[in-house]
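Participant: Pasting a structure here, questions to come.
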Amino acid sequence: MARALELGSDSAVLRSHPHLSFGSGAYVYEIARAGDKSVYSVSDGSNKISEPIVYTFGQGNAGQTYVIFHDGSYYESRVSFYREIGGLDLTLGSRDVAPASLNEALGRKMSHNDARDCFGCHATGAVGGSQLQLEKLVPGIRCEACHGSGERHVAAMRSGSVEAKQIFNPGILSGDLLSQEFCGSCHRSVDEVFAMPQRGEINNLRFQPYRIFKSKCYQDDRRISCIACHDPHAELISNPAFYDSKCLSCHLSSRKPKRESSAKTIPETAERKPGGCT
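What follows is the structure, encoded as structure tokens:
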């Protein structure tokens, strides 16, 4: 999470890919390294817009999208880097239709609310109240993004106010509040996803609080939350066996678990252990 947003000059993806290109209809996109910056360009064959990449969104494990500043506004790049192909393709959510102008081909012009929501979820200190304050932005999700002001906490500890820690612990929230309200405020709650265009299993793959809501375990016991399987303070684990072990801490399998995935084939459920999955 600490690399959910980086300055364009700091992106490891862009440093290791000094030249990227992609064609979409009449438009050609390029990202080229120039000194300590990466420059994003789009051309229609006659005219060209080029701007340095100011921010990168996403650490690049799956992909990375770019934010540029053009004519007084921030734009979300129309193309993104995808790790699986090692190159550029259309950004998720971009319309696969020909843009009407070079400016439109550049990407999605971000409204104030768009910028506030995006920077608020990918960086720390970028939003104060309802206002964007990029001069105070700290790249990525740091402690204060989830736990509140560290300054007040330090002051309380120094004054001996151990009981009034002045720090927020999301772990005390109920499963519903934690997953749908707290984590879901950035990872998309079930209400937000239901209001989106339904795209089959894509929404189920992209939005974790929504996926939890749809799971059978959650319907049976809403104590299940994101932290049943995910430690937000550690690197994301991608080994299926790790998640199988989480399921098996509450479920018993009537046969030897399949190597690739045991959770899908468990027909019997053990008596729930107090706190076993929460």
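Residues -2 to 275 (the working numbering) make up the sequence shown, in order.
For glycine and all other residues, C-beta sits at the position ideal for the given N, C-alpha and C.
Quantities reported herein were computed from a predicted structural model and do not represent experimental measurements.
1. What is the DSSP secondary structure of proline 15, counted as helix, strand or coil?
2. When we look at the beta-carbon of phenylalanine 66 and count the other beta-carbons within 10 Å, is it buried (16 or more) or exposed?
3. Which first and last residues belong to the alpha helix (DSSP H) in which leucine 99 is found?
4. May I have the straight-line CA-CA distance separating glycine 172 from phenylalanine 19, to the nearest angstrom?
5. Should glycine 145 and phenylalanine 165 be called a contact, given that it needs their Cβ atoms to be closer than 7 Å?
6. Just grab the DSSP bridge partners of tyrosine 79 for me.
7. When DSSP labels each residue in this structure, what does lysine 162 get in the three-state scheme?
8. Please list, in chain order, all residues of the same chain as serine 35 whose beta carbon is under 6 Å from its beta carbon, the five residues on each side excluded.
9. Hey, out of Lys213, Ser242 and Arg139, whose CA is closest to histidine 227's CA?
10. By Cβ distance, which residues of its chain are closer than 6 Å to glutamine 205, with the 5 residues on each side in sequence left out?
11. List the endpoints of the continuous beta strand (DSSP E) containing isoleucine 209.
12. For alanine 123, count the other beta carbons within 10 Å of its own beta carbon; 16 or more makes it buried, fewer makes it exposed. Which is it?
13. Is histidine 150 near glutamine 163, with beta carbons less than 7 Å apart?
14. Taking only three categories from DSSP, how would you classify leucine 174?
15. Within 10 angstroms of its Cβ, does arginine 75 collect 16 or more other Cβ (buried), or is it exposed?
16. What does the alpha-carbon distance come out to for the pair serine 127 and serine 246?
Facilitator: Looking at the atomic coordinates:
1. Sequence index remark: in the sequence shown, residue 15 carries index 18 (1-based). For proline 15, the three-state secondary structure derived from DSSP is coil.
2. The count along the sequence shown starts at 1 and reaches residue 66 at position 69. Looking at its Cβ environment, which holds fewer than 16 other Cβ atoms inside 10 Å, phenylalanine 66 is exposed.
3. For the purposes of this step, residue 99 is identified with residue 102 of the sequence shown, where counting begins at 1. From DSSP, the alpha helix (DSSP H) with leucine 99 extends over 99 to 103.
4. For the purposes of this step, residue 172 is taken as the residue at position 175 of the sequence shown. For the purposes of this step, residue 19 is taken as the residue at position 22 of the sequence shown. If I take the Cα positions, the gap works out to 43 Å.
5. The residue given as residue 145 occupies position 148 in the sequence shown. The residue given as residue 165 occupies position 168 in the sequence shown. With respect to the 7 Å criterion, glycine 145 and phenylalanine 165 are classified as neighbours on the basis of their beta carbons.
6. Position 82 of the sequence shown, counted from the start, is the residue given in the question as residue 79. According to DSSP, which records beta bridges pairwise, tyrosine 79 is partnered with Gly60 and Gly84.
7. Sequence index remark: in the sequence shown, residue 162 carries index 165 (1-based). Correct three-state label for lysine 162: coil.
8. For this step, residue 35 is matched to residue 38 along the sequence shown. Same-chain partners within the cutoff: Gly5, Leu11, Ile28 and Ile50.
9. Here the question's residue 227 lines up with position 230 in the sequence shown. Comparing C-alpha distances from histidine 227 to each of Lys213, Ser242 and Arg139 shows the shortest one belongs to Ser242.
10. Here residue 205 is taken as the residue at index 208 of the sequence shown, counted from 1. Around glutamine 205: His184.
11. On the sequence shown, residue 209 is found 212 positions in, with the first residue counted as 1. DSSP places isoleucine 209 in no beta strand (DSSP E) but in the uninterrupted alpha helix (DSSP H) bounded by 205 to 211.
12. Residue 123 sits at position 126 when you count from the first residue of the sequence shown. With 16 or more other Cβ atoms within 10 Å, it is buried.
13. Within the sequence shown, numbered from 1, the residue matching residue 150 stands at position 153. Within the sequence shown, numbered from 1, the residue matching residue 163 stands at position 166. Taking 7 Å as the cut-off, the beta carbon of histidine 150 is found closer than this to the beta carbon of glutamine 163.
14. Mapped onto the sequence shown, residue 174 falls at position 177. Here leucine 174 sits in helix by DSSP.
15. In the sequence shown, counting from the first residue as 1, residue 75 sits at position 78. Around the beta carbon of arginine 75, 16 or more other beta carbons lie within 10 angstroms, which makes this residue buried.
16. As a first step, residue 127 must be located in the sequence shown, where it is residue number 130. As a first step, residue 246 must be located in the sequence shown, where it is residue number 249. One C-alpha to the other measures close to 42 Å.
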